[in-house]
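Comments concern the structure below.
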Amino acid sequence: MRLFDPHIHMTSRTTDDYEAMRTAGVRAVVEPAFWLGQPRTSTASFLDYFDSLLGWEPFRAAQYGIAHHCTIALNPKEANDPRCTPVLDELPRYLVKDRVVAVGEIGYDSMTPAEDTALAAQLQLAADHGLPALVHTPHRDKAAGLRRTLDAVRESALAPDRVLLDHLNETTVKEAKDSGCWLGFSVYPDTKMDEERMVAVLRAHGPEQVLINSAADWGRSDPLKTRKVADLMLAEGFTEDDVDRVLWRNPVAFYGLSGRLDLDVTATDATHEGNTILRGAPRETAPAGQE
160 MRLFDPHIHM TSRTTDDYEA MRTAGVRAVV EPAFWLGQPR TSTASFLDYF
210 DSLLGWEPFR AAQYGIAHHC TIALNPKEAN DPRCTPVLDE LPRYLVKDRV
260 VAVGEIGYDS MTPAEDTALA AQLQLAADHG LPALVHTPHR DKAAGLRRTL
310 DAVRESALAP DRVLLDHLNE TTVKEAKDSG CWLGFSVYPD TKMDEERMVA
360 VLRAHGPEQV LINSAADWGR SDPLKTRKVA DLMLAEGFTE DDVDRVLWRN
410 PVAFYGLSGR LDLDVTATDA THEGNTILRG APRETAPAGQ E
């Protein structure tokens, strides 16, 4: 079984998670840019983070045979902080990078005017750079948030079939599907969707343009939720082809719209004196008393 987790925050995960994901069948991930668990205080914080998504995390993932790509954006939560909004001016130089396969996460958190502005600007950036967009629908007042999101998409230069609406649930799936956008569902231990609800949605609405993710991050979450959904799909009568479609071919098709998806993993010789992370060449020993 091959699995693609199309939304997972590996920055918050350990190498043990990479190893367990590989054993479970995960062969590719997309890591969306988001907040770091506490407020950033400057644009420079974003730039260091973006650089890690483009260099450090693909390096870590490759050690476990997992292809890593990312999406880059000013996230909706921090779009409300004037210390952070100047990062919008820095995004174009990151959106041309090879491993950036979408603009994201963008969308709504509290549905403020500042979030409206950031969403519109970044949908335009996606259109300008020929990239799809990963859109975060809000966790509160989801139906109203989805409608406001769809209004923004309709007013943008980006076609709906280049937009992934994430964090959907039973209350938003039909309207999202009718819009022509791709459908994203996050499966969590306690909140958002669970495996049983996810399988019920698939049975009711079909597998077309559906992406399922773990969205594993800094809170209680599970990077193996994609495999658990796959196992339950099979147990509930879905075919292996259905599983492959939802958990591999659909995310490949969506992120493939970027023209940058590369699922070949280059092996890394990442050890140094038995460590699993390459430390670089050892420094010269300083003279006694000068260390």
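According to my numbering, the sequence shown is numbered sequentially starting from 160.
All C-beta atoms in this analysis are idealised placements derived from N, C-alpha and C, irrespective of residue type, glycine included.
When the options are compared against residue i, the one with the closest alpha-carbon
i	options	result
residue 467	161, 324 and 410	The structure shown does not extend to residue 467, since the chain is modelled only from 160 to 450, so the question has no answer here.
residue 364	317, 233, 405 and 387	405
residue 240	201, 393 and 417	201
residue 268	349, 237 and 309	237
residue 181	203, 168, 222 and 420	222
residue 205	177, 185, 252 and 300	252
residue 277	235, 285 and 307	235
residue 257	247, 273, 209 and 297	209
residue 250	297, 347, 192 and 199	192
residue 176	273, 216 and 197	216
residue 332	274, 272 and 362	362
Distance between residue j and residue i (C-alpha atoms, nearest Å)
i	j	result
residue 399	residue 338	28 Å
residue 334	residue 311	15 Å
residue 302	residue 342	14 Å
residue 190	residue 396	31 Å
residue 287	residue 315	11 Å
residue 225	residue 283	31 Å
residue 358	residue 329	11 Å
residue 420	residue 414	7 Å
residue 218	residue 424	10 Å
residue 422	residue 185	12 Å
residue 243	residue 299	23 Å
residue 279	residue 296	14 Å
residue 443	residue 351	Residue placement at residue 443 cannot be trusted, given a pLDDT of 41 that sits under 50; what the coordinates show is reported in the next sentence. Near 52 Å, if we compare the C-alpha coordinates of residue 351 and residue 443.
residue 199	residue 207	11 Å
residue 197	residue 275	22 Å
residue 475	residue 272	Nothing can be reported for residue 475, as the shown portion of the chain is limited to 160 through 450.
Contact set for residue i: own chain, Cβ-Cβ below 6 Å, skip 5 residues either direction
i	result
residue 163	187, 407 and 410
residue 183	383 and 386
residue 374	166 and 345
residue 309	338
residue 372	164, 165, 166 and 345
CB contact flag (residue i, residue j, <7 Å)
i	j	result
residue 227	residue 220	yes
residue 401	residue 366	yes
residue 281	residue 232	yes
residue 165	residue 327	no
residue 168	residue 376	yes
residue 321	residue 247	no
residue 393	residue 354	no
Cutoff 7 Å; reference residue i; Cβ partners in own chain excluding five residues on either side
i	result
residue 368	341, 342 and 409
residue 389	160, 162, 402 and 406
residue 307	267 and 270
residue 254	231, 262, 284, 288 and 290
Beta-carbon proximity list for residue i, same chain, < 8 Å, skipping 5 on both sides
i	result
residue 245	202
residue 194	234, 236 and 237
residue 356	328 and 329
residue 179	382 and 383
residue 259	213, 228, 229, 230, 231, 253, 290, 417 and 419
residue 378	none
Test: residue i CB closer than 7 Å to a CB of chain D
i	result
residue 192	In the displayed structure, chain D is absent; only one protein chain is listed.
**Q.** Segment contact, 8 Å Cβ cut-off, at least three pairs: the stretch 260–274 with the stretch 282–293
**A.** yes
Q. Contact between the stretch 370–382 and the stretch 165–185: three or more CB pairs below 8 Å?
A. yes
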